[in-house]
Amino acid sequence: MDYRLPRGTRDILPQQAALFRRIQDTAVVLSDMYGYGEIHTPIFEYSELFQRGVGESTDIVEKEMYSFQDRGKRSLTLRPEGTAPIVRAFVEHKLYNEAMPARYYYWGPMFRYERPQAGRYRQFWQYGVEMLGTLSPWADVEVIKLGWDFFARLDIPTSLVVNNIGCADDRANYKQSLKQYFNSRPLCDDCNNRLGRNPLRVLDCKNPSCQQQMEDMPLIDQYICTECAQHFDAVLGGLEALDVPFERNPRLVRGLDYYNRTTFEYKTDKLGAQDALGGGGRYDGLVELLGGPSTPAVGFALGIDRLELLMSGKEDPAIRRGFWLVTMESVENQAALWAYKLRDRGVSIDFDLLGRSIKAQFRQADRSNCRWALVLGPDELAKGKGAIRDLVTGQQEEVALDGLVEHVLNLEGVKANGTDT
RNA sequence: GUGGGUGUAGCUCAGUAGGUUAGAGCACCAGAUUGUGGCUCUGGGGGCCGGGGGUUCAAGUCCCCUCACUCACCCCA
Numbered sequence: 002m003d004y005r006l007p008r009g010t011r012d013i014l015p016q017q018a019a020l021f022r023r024i025q026d027t028a029v030v031l032s033d034m035y036g037y038g039e040i041h042t043p044i045f046e047y048s049e050l051f052q053r054g055v056g057e058s059t060d061i062v063e064k065e066m067y068s069f070q071d072r073g074k075r076s077l078t079l080r081p082e083g084t085a086p087i088v089r090a091f092v093e094h095k096l097y098n099e100a101m102p103a104r105y106y107y108w109g110p111m112f113r114y115e116r117p118q119a120g121r122y123r124q125f126w127q128y129g130v131e132m133l134g135t136l137s138p139w140a141d142v143e144v145i146k147l148g149w150d151f152f153a154r155l156d157i158p159t160s161l162v163v164n165n166i167g168c169a170d171d172r173a174n175y176k177q178s179l180k181q182y183f184n185s186r187p188l189c190d191d192c193n194n195r196l197g198r199n200p201l202r203v204l205d206c207k208n209p210s211c212q213q214q215m216e217d218m219p220l221i222d223q224y225i226c227t228e229c230a231q232h233f234d235a236v237l238g239g240l241e242a243l244d245v246p247f248e249r250n251p252r253l254v255r256g257l258d259y260y261n262r263t264t265f266e267y268k269t270d271k272l273g274a275q276d277a278l279g280g281g282g283r284y285d286g287l288v289e290l291l292g293g294p295s296t297p298a299v300g301f302a303l304g305i306d307r308l309e310l311l312m313s314g315k316e317d318p319a320i321r322r323g324f325w326l327v328t329m330e331s332v333e334n335q336a337a338l339w340a341y342k343l344r345d346r347g348v349s350i351d352f353d354l355l356g357r358s359i360k361a362q363f364r365q366a367d368r369s370n371c372r373w374a375l376v377l378g379p380d381e382l383a384k385g386k387g388a389i390r391d392l393v394t395g396q397q398e399e400v401a402l403d404g405l406v407e408h409v410l411n412l413e414g415v416k417a418n419g420t421d422t
């Protein structure tokens, strides 16, 4: 094989695309219902946006960015996530002057340079929402609930994990005490490294000996200020009121620097090591960081590829729709015109282009999941009629060509998917 | 970046201690039914056995290198 797709990418072939589309439709309908407006930002941005927005010490910026120089010698980066670009657009177009809160949803590919494995790609698809301009705990609740509803509509069981990582001051105090605590204890090399850069990352370590060292460590709860604590309590209260089950995990630390207060992840137990289906949180400082007015915000991003993995094999059975025209070479031109007459009226109809036998044409009709076959051979045309065969029941009837189009339009399941009611 | 596993037909895989012309199921094409699908039967097309080098009279099989895929670590979607 001479040409392959690049490592970590995948083709979405028609059969898979049906599932992909179904997931997207669910996201669009639900976002719209919640009042979120569709937004698109470029696939690439100036690298500085992510360096500043996502954070220099994050894995994304340190080793996962697809960066390149354009002909103007500017450093560009294929977007590794969706929030920073949206905040950039929010600031650039001064959208903060419109009525708040602002609600946006996005859908599209993201890029991170990592070794691929099950459920992890270098180009992957995310659906995300962002709500900007309100500090209300109900904003957090709304976003979390929206994601929860999305998984529910797709019938994907997930567990919700939430945490409160407080404000910048809270975290500074907490990091200080974590450093003190771990300084006198043995940790793995990775953790010693993390301790210097971002002690919160140590909490994520799965190394058993590190886990053991964490048993008596200080928890962030003790360092949360009153305001942040009250906010989080209100969020949890909202989730309880809406019967959204959650689990608190004081060790949930998300990989992006801009989060504060509420963080959350939707998890599955069916994908092995890649158990995160999505996550998000509050990012009250990002708008200001990127040059806008101080504007609180909250949002999530969900991984579509992992959803597909969970849902493959559970696709809806294909519905039989539309026509297949069966004809013979001697009258092919005449018959083809009838196919186009029907197409002009919105009827889904296809016919053989490979000179196949009648039998093979019927087989193709069956395989293509057509509901009907329209037979227009020399015999039928000579009689001024066409034969319509129901491929489900096997019943066949003859119809005068005069009223053929109208007759077909009165049959069920003659139009393309999504256009027939 | 680090480790493990796997590379044989479009797909899933078999291939015995190295031994003639590399197999099966599914899929595809055709015929049985000379104008009628699904089921069945019969036949057919389709393989640089990932690539390169080596050992041997002989390599899909053994050795070395390499590439790719895959799983896991790190981290995340």
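My numbering puts the first sequence at residues 2 to 422. All residues carry an ideal CB built from backbone N, CA and C; glycine is no exception. Quantities reported herein were computed from a predicted structural model and do not represent experimental measurements.
The beta carbons of TRP373 and PHE301 sit about 45 Å from each other, so the pair does not count as a contact at 8 Å. Excluding residues up to 5 positions away in sequence, ASP276 lie with their Cβ nearer than 7 Å to the Cβ of ASP270 in the same chain. For ARG390, the enclosing beta strand (DSSP E) begins and ends at 386-391. Assigned with DSSP and collapsed to three states, ALA274 falls in coil, not helix or strand.
The three-state secondary structure of VAL406, taken from DSSP, is helix.
The alpha carbon of PHE183 has as its nearest neighbour, out of ASP353, ARG5, PRO158 and PRO200, the alpha carbon of PRO200.
When TYR105, TYR224 and ARG22 are compared, the shortest CA-CA separation from TRP126 is found for ARG22. Judged by DSSP secondary structure, VAL92 falls within the alpha helix (DSSP H) whose first and last residues are 84-93. A residue is called buried when at least 16 other Cβ atoms come within 10 angstroms of its Cβ; TYR341 does not meet this threshold and is exposed.
The beta carbon of ASP367 is closer than 8 Å to those of LEU392 in its chain, skipping five residues each way along the sequence. DSSP places ALA401 in the uninterrupted beta strand (DSSP E) bounded by 397-401.
Judged by DSSP in its simplified three-state form, SER185 adopts coil rather than helix or strand. The Cβ neighbour count for TRP139, taken over all protein chains shown within 10 Å, is under 16; the residue is labelled exposed. In this chain, LEU243 is not harboured by any beta strand (DSSP E), its DSSP state being neither H nor E. Exposed is the label assigned to ASP33, since fewer than 16 other Cβ atoms lie within 10 Å of its Cβ. Per DSSP, the continuous beta strand (DSSP E) segment holding LYS268 begins and ends at 261-268.
Its chain contains LEU311 as the residues whose beta carbon lies nearer than 6 Å to that of ILE157, once the 5 sequence neighbours on both sides are disregarded; these appear in chain order.
In the displayed model, ILE157 falls within coil according to three-state DSSP, outside both helix and strand. A distance below 9 Å separates the beta carbons of SER76 and SER68.
If you draw a straight line from the Cα of LEU240 to the Cα of VAL163, it comes to about 11 Å.
Taking 9 Å as the cut-off, the Cβ atoms of LEU410 and ALA336 do not count as close.
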